[in-house]
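Take the sequence shown: its position 93, counting from 1, is numbered 93 in full-length UniProt numbering, and each next residue is one higher.
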Amino acid sequence: MLTYYVLYRTDQRGEPAGLFVVDATNGHAMVWDHRHRAWTYNPGLAARFLDDHRNFDRYDEVDRQTADRLVPGMTGGVPLPDEVSIRSVFTREGPADGDRS
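Below you can see the structure in the form of structure tokens.
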């Protein structure tokens, strides 16, 4: 099952700053990379951010429909890949072993 996390710059929330798509069962995650302006496979980054107690007030778990609605504002118009494409990336990358960026 895929889980979507909307990220904020501060605990004051405001405009969403990013998104993680996580398959926690298999240790996979895809993130929006602002520098490369692309969706990238990076389970290490997602795990570090989500597991850090200092960030607990800086993200929300959302459903797919909410993620689809918010993503264009975060990415400059690049849509969230469909779930089949996301799972294809996870399969292609194989077992999660940390950062890939």
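Quick reminder that beta carbons are idealized off the backbone N, C-alpha and C, glycines included.
Return the chain-ordered list of same chain residues with a C-beta closer than 6 Å to the C-beta of residue i, the five sequence neighbours on each side being excluded.
i	result
Phe20	Tyr5, Ala29, Val31 and Ala46
Could you spell out where the beta strand (DSSP E) holding residue i opens and where it closes?
i	result
Phe20	Pro16 to Asp23
Leu2	Neither: Leu2 is in no beta strand (DSSP E) and is coded neither H nor E.
Rounded to a whole number of angstroms, what is the C-alpha to C-alpha distance between residue i and residue j?
i	j	result
Thr3	Thr40	16 Å
Val78	Thr66	15 Å
His34	Thr75	7 Å
Using a Cβ-Cβ cut-off of 7 Å (strictly less than) and excluding sequence neighbours within five positions of residue i, which residues of its own chain qualify?
i	result
Val62	Tyr4 and Val6
Count the CB pairs spanning the stretch 45-54 and the stretch 14-33 that are closer than 8 Å, and state whether there are at least three.
-> yes
With a floor of 4 residues, list each alpha helix (DSSP H) that falls wholly inside the stretch 11-90, ordered by position along the chain.
-> 43-51 and 64-75
Between the stretch 54-63 and the stretch 4-18, are three or more C-beta pairs nearer than 8 Å?
-> yes
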